[in-house]
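Student: This is the structure I have questions about; it appears just below.
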Amino acid sequence: MSNKIYWKGLEQLSNDPEFVKYADKEFPEYLPINQKKQSADTPDDGSSRRDFLKMMGFSVAAASLAACEAPVRKAIPYLNKPVEIDPGIPNYYASTYAEGGDYCSIVIKTREGRPIKVEGNKQCMLSGGGSTAQVEASVLSLYDQERLTAPMAAGKKSDWETVDKEIKSALASSRNIRIISNTVLSPTTRKAVEDFIAKYPGAKHITYDPQSAHGLIQANQQSFGKAHLPVYNFSKADVIVSLDADFLGTWIAPVTYINQYTKRRKLSSSQKGMSRHYQFESNMTLTGSNADYRIPVKASQQGLIAAAIYNSLAAKSGAPTISGIQIEVPFLDKAADALWNAKGKSLVVSGSNDPELQMVINAINQILGNYGSTIDLEKAAYYRQGNDQDMSDFIADVAAGSVDAVIFFNSNPVYDHPQGGLLESELGKVALKISTAGRMDETASVCDYTTPDHHYLESWNDAEPIAGHLSLCQPGITPLFNTRQAQSSFLTWMDAETTDYYQYLTQNWKSTYFPSSGQSDFDTFWNQCLYNGIIDIDLSSAMDTSGESTQVEDESDNQEFAFDAAAISGALQSTYQTDNSGMELVLYQKVGLGTGGQANNPWLQELPDPITKAVWDNYITVSQKFARDNGLSMVEGKTKIANLTANGVTVSAPILIQPGQANGTFGLALGYGRKSAGKVANGLGANAFTLINSSNGSLSYYAAGDVALEITSETHRIGQTQTHETYMGRETVIQEALLSEYQKDEYAGQFAPKIATWKGDEEKVAPHKVTLWKHHQEKYVNHHWGMSIDLNSCIGCGTCTIACQAENNVPVVGRDEVLTRREMHWIRIDRYYSSTGVEDYDSLEQAAENPEVTFQPMMCQHCNNAPCETVCPVAATVHSTEGLNQMAYNRCIGTRYCANNCPYKVRRFNWFKYHDNDQFAENTSMSNSLGRMVLNPDVTVRARGVMEKCTMCVQRIQAGKLLAKREGRRPSDEDVNVACAQACPAEAIVFGDMNNPDSKLSKLLKIEYHDKHKTVEEPRAYTVLQELNVDPNVFYLRKIRNKDQENA
Amino acid sequence: MQVVSSVREPLITGKKTYHDVTHDICVRVEQKPTKSWLMAMAVSLGALLVGSYALIITLWDGIGMWGLNRTVGWAWDITNFVWWVGIGHAGTLISAILLLFRQKWRMSINRAAEAMTIFAVICAALFPVVHMGRPWLGFYWALPLPNTFGSLWVNFNSPLLWDVFAISTYFTVSLVFWYIGLIPDFATIRDRAKGVSKIIYGALSFGWDGAAKTWSRYESVALILAGLATPLVLSVHTIVSFDFATSVIPGWHTTIFPPYFVAGAIFSGFAMVMTLMLITRKVYKLEDYITIKHIELMNIIVMVTGSIVGVAYITELFMAWYSGVEYEQYAFLNRTSGPYWWAYATMMTCNVISPQLFWFKKIRTSIAASFILSIVVNIGMWFERFVIIVTSLHRDYLPSSWAMFHPTLYDMGVYLFTFGFFFTAFFMFAKFFPVINIAEIKSILKSDSEKSTTAEAVIENANQ
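Sequences listed follow chains A and B, in order. To convert, take the position in the first sequence, counting from 1, and add 39; that gives my numbering. To convert, take the position in the second sequence, counting from 1, and add 6; that gives my numbering.
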């Protein structure tokens, strides 16, 4: 045994008794936690009451803090990520919006596989990349909870197999089958229908349109032997005369016409001329409000006005005149003279559905030599193919019991045909009734089977709006529900080789269009077409094989122009009246709702009507004179309800006093009074389709005899987003000038207030010269975002409002909240009427009887010296280094001081929780899980109690900057565009980087770069409320009217 | 005790002895609640209850329950706020400024006036909190607290932030001033009380011993606080007026606002003191303490400040015309003849015309007239704020956004809540706290050797 001592530490070696005492304990020294007890020398080493309370307190506090945390929401990553989908990165697919005859080439923006936005396709020459409110809003209709989720048989959910079996056996035993549709723009669909007819020879395809252009087609047939619509080109016209045609709003193909029209309304130092536009109409339409000369006339005078213009021109050209025409209307001769002076460069259009009137219009255009320049009849336009006569024959057949089966192919005549009521009651006589509607609409409700079609964003299809101009429609998402494309249904029911419409479509393209494309590989051709969305096929080779309507053209190619002035005289004089002493009713469509197909879309319901600024309602528009005579007034939307009788039908609607409404006429919008469109639309307004006169097989959208209005004592409030009609002569808000003045002086109409300084009156300076503000502009070293809005080409359609709503998750608040003046739109369009006088405030407040109209899009002006920023107590709204006024929603506590201090009143407050709230069920994009799919994941859904406003689509700016950065270059115009500017069919809104001399905006505003600051040199540019020196980054270009001095 | 010339009218009438003073005031605290007090309390609590419902719904559903809109972002909320803050001016003005000016007549009214100030400021402070979209965050985000959000800090440019400081400082100083003044009186009550009351008032009196040194300290603190409070009287409403004056909205953007608001605040505050004092005087039979002389003096102040306010109104109109600014001119034309002309007319009648009646001695010494006019003045001052806020906002620069404001039941309910709170608090005060400063008032008893310096009185005084 060794003597060595092994020791663990000096303590062991020294054998300190203190150490030995605790040697067997795990911790040789007492932990401080027990110190106190040790000193008290208590044997109990358990927890004391104090410790217990401490622990208890901590646990309770910790537990309650944990409970306060937001619930965990799980996001499940892809197990196998699809190649083309990158989370957070949008994909774009070119497609086509074709509802009825309305056409727009579009690009679908999808995020993680779901469409969240529809945008115009820049490649499309027809739209120029613009869109319309209805197109922009259509993405929300995809996520409508009221869509059918499965085929329906006798009102109950069924499955496709059963339904197909039953339908096929029923069809087999039917002789007279009718397919009822609105205009079908798709040539392949028409082919499928033809195939179906070939299989069932008793079948007949009947097309009607809720807003018919049958009269125009008939007139072209009689005048030229060409039964189709012509292709108009408003951009080539120096003088435009429109008789009740709302071509910028709702007539035929507005998105195309807006694009053409506004090309001639843009002015610059290099283009100092613009078109002159005369509008003779009864209701104040969007088109009329943009006209240089707007003449309110009665609808019953239209035929005579056309004839008078014809006579005036015929007298000059030596053509036979129409006898017996007497009409006194202001500016008629002036318009005729202007047309004559612009021969070959003018355009006369009429919105009438009367073939005789349209033949006079044809004759006018013929005399003016407009065919071949502003009108191309050689090329057929297929926007409207409906035949009123066929449709009323069909309804008569149904009533007679001679129809065995009817398929309503995405049409809803029970609602949107004037004889819908009759049809509904007589449909029981038809053995088999099928609707392909995507929802239980008025017609589907009375059908035996409903075989719901996909939404167009789930469908494959094509479209041919103009002969030779083809467009493909591809889905942005796999079908959400157990629906089936209607074309596939047709293919199934006729036992075609392929029941898959996609295959059918590609086969048709392969056989029809591919051969004339000059390409060798079909897949390449197909993919290229899909990529671009559109393709122009050379007509000459395609014509032989394309649809029936082009064949009509072939047969009649050489027919001479036919016009019998003598014969038409009698017809006109029997239809029209020089001065109808009775009241008249003119039915129209609203820009947002159209004929009501998308009525269940809350975005469109809440889109302020461009003219009346009313939402969620239709109403009877009456003239100021009528209101005065009948003691009517309208304050804050409060009005009376009236019973309107026309053509023997009575409807009830509130009255709205409309400046510019022709005396002796009433207006009422179609598209309302839905009974079975869905919860959003049902019961809103009155159905005006019932008032259409359909007696002689042609629909007449006005009534001139036996129109009566009975004002009841019942009151109603119409929700309007703007109730003050004039701009009170405030030139700092609206600046305008006449074209002749502008041509002389580009600064004409400028309002540049100066303020006096200490040096006295002689040395007045511009307001921004005297300032306490530091020069923000100098700090924008990288980008400086800005915007220009051309008041001359903004037509006020409201497309930007919907585009912004879709892009920025702007909530819908419903009628009651609009009545409390709480609409949430980030971009609004202010509509100002001219006043009766400028002498005093009273006359400034009154809109003129037939006012001039100005539209002014208004959104956050992103002031450099922003009044909102200084007053926020918590710095929730601050300035970016790129000139943007930013909102930090997280930080906002909702004092609303910023909104009060905003001189433009563009800030919007979340008065309530608008999302996930049953009180706001109409806000479908935020209140149900299906609707929420439309939300833009890049934009926060704002909480209750925070302020919001236009961000200049900061998420888009950020995305564009990142893209450019990744590619190692400076961002250009292509990388960043804001939603409103992108959607604008008039290209009135231009967004860009003012620090970039090459941007479109910098060039448009003629920005000059000085040492430390920039100046805007475009003479027409001004900022609103300039003298406040808030220094906005949004510039407006002065409105110029092409009017003569003496009438100004 | 002080010696006053015998030709001066005594401020306290009825030949009160020190004991009388103590007794008259303490007996209200000591006696059982009277029937009239219970009824008044029931009405106040009823208003508080109904108002609470409106307030809770507003907090639960959002301020959309009010009638505000995108154009008129403030209406009744800030009107009520400014109105209550204005009322809250009188207390401190009376206590502090009149103390510095050695206006002894203030002593009869300053206690109640200060209490009114405290309660009015609490009512006022309610509105900036509940008018926020997110009060659960706003109540502390508006303070410059260190935080973990990085460099996030409040915006010192914002007048709303100045408001936060101004109101909270004013409230704190007023509260301390009021409470310090109460301590000797609590001690008096304590000394007379038995049982639980003795313990409670003992605690409230902070161990007051009545020693000469304690009195000396008390006097010094009162003087210091008076000095501190004096600038606050001017600053609070000046800063409140900055909320409007620093903005760009025509009708708000006015340099005259600070003095105009302060005058208006004193005007309304005195009127409110008058309303409350006349009731208290009658119910508590304090006619000897609050004499016609007091009422007259207060009426003179109301008349003077009313005239200042009137001059301010006319100056505003003149400046609108003289400035040559189109929007300013329209804003004032719209005030006088626009859709809210009736509010302007009410304001003018109540605030400018009605106080002029006090030129007549008969009216300014009439209790009934004083009472009615004091209420009229406060109606007028409420409309003044309504006119400034709503009629300026509802038609500002862009006519497209012009809109009307329609109050809802919830706007009214929350206003009712503050009334309920105010009167509940005031009646509680009137019952449980000495409504008149016992200690101070004794110092102004007419020191006439023939009357009050009797042996009994001296002994009585020594006992207190």
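For each residue, glycine too, the CB sits at the ideal point set by N, CA and C. Just so it is clear, the structure is predicted and the values come from calculations on it, not from any experiment.
At a cut of 8 Å, does the region 903-912 of chain A reach the region 123-134 of chain B through at least three beta carbon pairs?
Tutor: Too few Cβ pairs lie closer than 8 Å, so no.
Student: With distances taken Cα to Cα, identify the nearest neighbour of A419 of chain A among A:C143, A:I256 and A:V625.
Tutor: For the residues A:C143, A:I256 and A:V625, the minimum Cα distance to A419 of chain A belongs to A:I256.
Student: Measure the alpha-carbon distance for T538 of chain A versus Y131 of chain A and round it to whole angstroms.
Tutor: Answer to the nearest angstrom: the Cα atoms are 28 Å apart.
Student: Just verifying my parser: in three-state terms, what is the DSSP assignment at H29 of chain B?
Tutor: DSSP places H29 of chain B in helix when its eight states are reduced to three.
Student: Does the region 324-334 of chain B come close enough to the region 235-253 of chain B that 3 or more CB-CB pairs lie under 8 Å?
Tutor: Too few Cβ pairs lie closer than 8 Å, so no.
Student: Just to confirm the assignment, what range does the alpha helix (DSSP H) spanning A445 of chain B have?
Tutor: It spans I444 to K448 - the alpha helix (DSSP H) in which A445 of chain B sits, taken as one unbroken run.
Student: Indicate the three-state DSSP secondary structure (helix, strand or coil) for K808 of chain A in the structure shown.
Tutor: The answer is helix: DSSP assigns K808 of chain A an H, G or I state.
Student: Exposed or buried, what is G327 of chain A when buried is set at 16 or more other beta-carbons lying within 10 Å of its beta-carbon?
Tutor: Buried is the call here.
Student: Between I254 of chain B and chain A, is any beta-carbon pair separated by less than 7 Å?
Tutor: Contrary to the premise, residue 254 of chain B reads as Val rather than Ile in this sequence. Answer yes: the Cβ-Cβ gap between V254 of chain B and chain A drops below 7 Å somewhere.
Student: From the beta carbon of G156 of chain B, is the nearest beta carbon of chain A less than 7 Å away?
Tutor: It does not: the Cβ of G156 of chain B has no partner Cβ on chain A nearer than 7 Å.
Student: Determine the closest residue to S329 of chain B out of B:L65, B:H25, B:T261 and B:T311, with distance taken between C-alpha atoms.
Tutor: Of B:L65, B:H25, B:T261 and B:T311, the residue nearest in Cα terms is B:T261.
Student: Taking M325 of chain B as the query, report the chain A residues whose CB atoms sit under 7 Å from its CB, ordered along the chain.
Tutor: What M325 of chain B touches in chain A: nothing, since even the nearest Cβ is about 15 Å away.
Student: Cα-Cα, which of A:E862, A:C839 and A:G254 is closest to P850 of chain A?
Tutor: The candidate whose alpha carbon is nearest that of P850 of chain A is A:E862.
Student: Note down, in chain order, all residues in the region 147-167 of chain A with a beta-carbon under 7 Å from any beta-carbon belonging to chain B.
Tutor: Flagged: no residues at all.
Student: With a threshold of 6 Å on Cβ separation, who are the neighbours of F915 of chain A within its own chain once the five nearest residues in sequence on each side are excluded?
Tutor: Note on residue identity: the sequence assigns Ala, not Phe, to residue 915 of chain A. If we look at A915 of chain A and ignore the five residues flanking it on each side, its Cβ neighbours are A927, R930 and C931.
Student: Could you tell me which of A:E645, A:D501 and A:E846 sits nearest to I996 of chain A, measuring between CA atoms?
Tutor: The shortest Cα separation from I996 of chain A among A:E645, A:D501 and A:E846 belongs to A:E846.
Student: In chain A, what lies closer than 7 Å to N161 of chain B by C-beta?
Tutor: Ordered by position in chain A, the residues that pass the 7 Å Cβ test against N161 of chain B are C911, P912, V913 and A914.
Student: Quick one: grab the DSSP three-state call for T424 of chain B.
Tutor: It is helical.
Student: Nearest to K243 of chain A by CA position, among A:S251, A:A231 and A:Q250, is which residue?
Tutor: The residue with the shortest Cα to Cα distance from K243 of chain A is A:A231.
Student: Where does D869 of chain A fall in DSSP's three states?
Tutor: Strand.
Student: With the cut-off set at 7 Å, would you say D417 of chain B and G139 of chain B are in Cβ contact?
Tutor: No, the Cβ-Cβ distance between D417 of chain B and G139 of chain B is not below 7 Å.
Student: Could you tell me if V99 of chain A is buried or exposed, where buried requires 16 or more neighbouring beta carbons within 10 angstroms of its beta carbon?
Tutor: With fewer than 16 Cβ atoms within 10 Å of its Cβ, V99 of chain A is classed as exposed.
Student: Looking at chain B, is there any beta carbon in it that lies within less than 7 Å of the beta carbon of R1009 of chain A?
Tutor: No, its Cβ sits nowhere closer than 7 Å to a Cβ of chain B.
Student: Mind listing the chain B neighbours of G675 of chain A? Cutoff is C-beta to C-beta under 7 Å, in chain order.
Tutor: It should be noted that the sequence gives Glu, not Gly, for residue 675 of chain A. Per Cβ cutoff of 7 Å: M410.
Student: Work out the CA separation of L51 of chain B and T430 of chain B for me, nearest whole Å.
Tutor: One C-alpha to the other measures close to 6 Å.
Student: For C143 of chain A, which three-state DSSP category applies?
Tutor: Correct three-state label for C143 of chain A: strand.
Student: Quick check: the Cα distance between V1017 of chain A and S832 of chain A, rounded to an integer number of angstroms?
Tutor: In a straight line, the C-alpha of V1017 of chain A is about 18 Å away from that of S832 of chain A.
Student: Express the C-alpha separation of A119 of chain B and F389 of chain B in angstroms, rounding to a whole number.
Tutor: About 23 Å.
Student: Just grab the DSSP bridge partners of Q759 of chain A for me.
Tutor: Q759 of chain A is bridged to A:A653.
Student: Would you call the region 390-400 of chain A in contact with the region 477-494 of chain A, where contact means no fewer than 3 C-beta pairs closer than 8 Å?
Tutor: No, the region 390-400 of chain A is not in contact with the region 477-494 of chain A.
Student: Checking contacts by CB at 7 Å: is G70 of chain B closer than that to chain A?
Tutor: So yes, G70 of chain B belongs to the interface.
Student: Spatial neighbours of I841 of chain A within its chain, please: C-beta separation below 7 Å, excluding the five flanking residues on both sides.
Tutor: For I841 of chain A, where only same-chain residues beyond five positions count, the Cβ hits under 7 Å are A172, E175, A176, W642 and L646.
Student: Is E205 of chain A helix, strand or coil by DSSP?
Tutor: E205 of chain A falls in the helix class under three-state DSSP.
Student: Which residues of chain B have a Cβ atom closer than 8 Å to the Cβ of M767 of chain A, listed in chain order?
Tutor: Going along chain B in sequence order, the residues near M767 of chain A (Cβ under 8 Å) are Y336 and P405.
Student: Check distances from the C-beta atoms of the region 852-872 of chain A to those of chain B and list, in chain order, the residues that come in under 8 Å.
Tutor: For the region 852-872 of chain A, which is checked against every Cβ of chain B, the residues closer than 8 Å are E856, T859, R860, R861, E862, R867, D869, R870 and Y871.
Student: Output the distance between the C-alpha atoms of N640 of chain A and H508 of chain A, rounded to the nearest integer angstrom.
Tutor: If I take the Cα positions, the gap works out to 30 Å.
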